[in-house]
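Residue numbers (my numbering): 5 to 506.
Worksheet: one structure, shown below.
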Ligand SMILES: Cc1cc2nc3c(=O)[nH]c(=O)nc-3n(C[C@H](O)[C@H](O)[C@H](O)COP(=O)(O)OP(=O)(O)OC[C@H]3O[C@@H](n4cnc5c(N)ncnc54)[C@H](O)[C@@H]3O)c2cc1C
């Protein structure tokens with residue numbers, strides 16, 4: 005078999021270095037050469053600091069020491085996202101990492117909980133989540149199961165991720181990858197030459213140097229110089245579903261307690277993120293320029309940050325959507341060059357990680373047969389579409405009518421796939437997980453209940469269980485959770501002692 009021996013990655017942002025690290029690890033005992041080239045003239049985007057749990061697994065797979073990583077990237081732990089003002093002004097809800105409650109008599113916890121609310125239970129769905137129980141109290145430990153321990157614990161239902169400094173992560177992965185043999189070149193790609201069959205042959209840098217390769221990975225962010233510039237793959241625009249197209253990022257000094265969650269606070273025409281790290285806090289506002297000017301957006305952000313600004317506000321435009329094909333010929337797009345879904349659920353780094361892992365699993369030979377690329381594109385399509393629908397859910401279900409933006413959100417078109425999911429949920433609260441849907445039913449239930457969406461009824465099959473016994477299981481579980489969490493360390497104390505362990 006004519007294996008691909010020479011892989012060229014263009015772009016040295018989070019996507020480029022995550023891709024390099026993964027391929028260097030997977031191909032470490034082969035003859036493959038991986039080269040990463042990035043431009044001294046084009047800065048990385050420098051945002052992207054909230055993550056989701058599969059990234060923790062990914063770093064373990066790479067063999068990265070977690071304590072070392074947390075220390076060197078100034079990371080903190082993340083258990084959830086707190087959504088404030090999304091449905092009604094002054095109210096909030098949580099989207100947890102991990103499970104909520106546990107199945108009872110083989111039926112989903114949500115169904116038992118929903119039935120109990122009809123009988124007077126005032127606790128919210130996510131009150132039964134171990135991640136939320138910790139998040140609300142600013143407490144944290146890595147649950148025993150996630151540390152590979154056998155110990156039984158009610159906290160084992162929680163999973164976690166990190167908040168980290170994007171620049172430090174890129175530096176960390178640069179060091180990691182170059183140690184594994186990745187060749188790093190600094191240079192601006194100026195032209196791209198193709199073979200007769202349409203495959204990329206070589207890149208020419210501004211200084212005249214040429215780089216040949218068997219396979220090329222486009223990690224050039226919004227420039228997309230390979231996948232769009234050379235391969236001509238079109239971008240599928242999803243702004244009619246997800247109209248956000250602009251953001252401001254601003255770093256501030258830490259202020260107040262270090263919370264183990266991302267804050268997402270809705271404003272009149274967009275939403276604000278707050279990401280606490282060890283050494284500073286990342287803040288930003290995401291909005292749609294149809295509804296407000298840059299000046300209004302900046303004023304809103306500045307009025308709602310705490311802590312002294314450390315940087316100038318940075319405006320970033322983006323278009324929500326995805327490449328029609330992520331993989332074409334001998335070129336694959338990962339990171340922002342492949343698409344972007346706005347940062348509401350911190351899914352961009354995840355999608356790039358999924359992409360590179362899937363690519364490694366499907367590693368082609370030099371022919372890069374179309375069937376392999378087609379299957380890869382099919383899988384990544386489902387990943388993207390499922391996440392897209394989940395993000396739309398946060399907007400289209402709002403009850404806010406205090407601004408044109410929120411009124412429009414209630415009337416905007418939604419994809420058929422989401423309408424069908426909502427119709428299914430409406431009828432007895434049932435959700436069925438698609439293959440490759442990142443978000444499991446507890447995530448969908450958390451957002452649906454948080455946004456005040458209720459089914460017509462609960463699933464009648466839960467009537468098989470004894471109602472009093474179920475209530476007692478739920479009450480005992482909650483009491484156990486509360487007691488357990490009380491004994492945990494505060495989040496910041498845990499971070500400090502954890503990063504001292506290296
Ligand atoms: C407002 C905002 C908030 C976000 N928040 C999150 C979040 O919380 N969580 C999350 O998971 N994701 C988030 N993202 C997405 C995340 O920032 C990106 O997915 C991630 O940073 C990857 O970017 P990238 O590496 O694809 O592109 P970039 O960081 O833009 O890197 C592009 C690279 O390509 C190189 N390059 C460009 N042109 C050339 C050329 N001609 N020759 C050579 N090299 C070239 C540049 O030098 C650079 O190294 C956010 C995005 C935005 C816009």
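Cβ atoms here follow ideal geometry from the backbone N, Cα and C, with glycine treated the same way.
- Task: Label residue 319 either buried or exposed according to how many other C-beta atoms from any shown protein chain fall within 10 Å of its C-beta, with 16 as the threshold for buried.
- Result: exposed
- Any chance the CB of residue 106 is under 7 angstroms from a heavy atom of ligand 1? no
- Query: Grouping DSSP H, G and I as helix and E and B as strand, with all else coil, what is residue 251?
  - Reply: strand
- Any heavy atom of ligand 1 closer than 7 angstroms to the Cβ of residue 55? yes
- Between residue 205 and residue 198, what straight-line distance do the alpha-carbon atoms span, to the nearest angstrom? 5 angstroms
- Query: What three-state label does DSSP hand residue 76 in the structure shown?
  - Reply: helix
- Task: Give a yes or no on whether the minimum CB-CB distance between residue 337 and chain B is below 8 angstroms.
- Result: This model lacks chain B altogether, as it is built from one protein chain only.
- Message: Taking 7 angstroms as the cut-off, is the beta-carbon of residue 227 closer than that to any non-hydrogen atom of ligand 1?
- Response: yes
- Task: Would you mind sorting residue 33 into buried or exposed? The rule is 16 or more other CB atoms within 10 Å of its CB.
- Result: exposed
- For the stretch 139-187, list the beta strand (DSSP E) runs that are entirely contained and at least 3 residues long, ordered along the chain. 165-167
- Message: Quick check: residue 82 and residue 261, are their CB atoms within less than 8 angstroms of each other?
- Response: no
- Item | Distance between beta carbons of residue 272 and residue 409, contact taken as under 8 angstroms | 7 angstroms
- Item | Endpoints, the alpha helix (DSSP H) within which residue 269 is located | That residue, residue 269, is in no alpha helix (DSSP H); its beta strand (DSSP E) goes 266-271.
- Taking Cβ positions, are residue 20 and residue 223 nearer each other than 8 angstroms? yes
- Simplified DSSP assignment, three categories, for residue 391: helix
- residue 431 by DSSP, collapsed to three states: which one? coil
- Query: Should residue 72 be labelled buried (16 or more other beta-carbon atoms within 10 Å of its own) or exposed?
  - Reply: exposed
- Task: Mind reading off the beta-carbon distance from residue 3 to residue 389? Whole number of angstroms is fine, and I expect it under 8 angstroms.
- Result: The first residue shown for the chain is 5 and the last is 506, placing residue 3 beyond what the model contains.
- In chain order, what residues of the same chain have a beta carbon less than 6 angstroms from the beta carbon of residue 253, not counting five sequence neighbours either side? 51, 288, 318
- Whole-angstrom distance between residue 139 and residue 38, CA atom to CA atom: 41 angstroms
- Can you check DSSP and say which residues form a bridge with residue 274? 271, 291
- Message: Quick check on residue 380: does DSSP put it in helix, strand or coil?
- Response: helix
- When the Cα atoms are used, what is the spatial distance from residue 286 to residue 430? 37 angstroms
- Buried versus exposed, by CB contacts within 10 Å (16 or more), residue 354: buried
- Item | For residue 313: DSSP bridge partner residues | 256
- Name the two residues that bound the continuous alpha helix (DSSP H) containing residue 411. 408-415
- Query: Bridge partners of residue 216, per DSSP?
  - Reply: 206
- Task: Could you pull out every unbroken alpha helix (DSSP H) segment of at least 4 residues lying fully inside the stretch 14-41, listed in chain order?
- Result: 18-30
- the stretch 45-60 in contact with the stretch 157-172 per 3-pair CB rule at 8 angstroms: yes
- Pick helix, strand or coil for residue 100, following the three-state DSSP scheme. strand
- Message: Can you tell me whether residue 468 is buried or exposed? The criterion is at least 16 other CB atoms within 10 Å of its CB, across all chains shown.
- Response: exposed
- Task: Put residue 229 into one of helix, strand or coil per three-state DSSP.
- Result: helix
- Item | residue 81 Cβ short of 7 angstroms to ligand 1 heavy atom set | no
- If you compare alpha carbons, which of 145, 148, 167 is closest to residue 75? 167
- Grab me the residues of residue 109's own chain with a C-beta within less than 7 angstroms of its C-beta, minus the 5 sequence neighbours each way, in chain order. 468, 469
- Compute every distance between the C-beta of residue 396 and the non-hydrogen atoms of ligand 1, then say whether any falls below 7 angstroms. no
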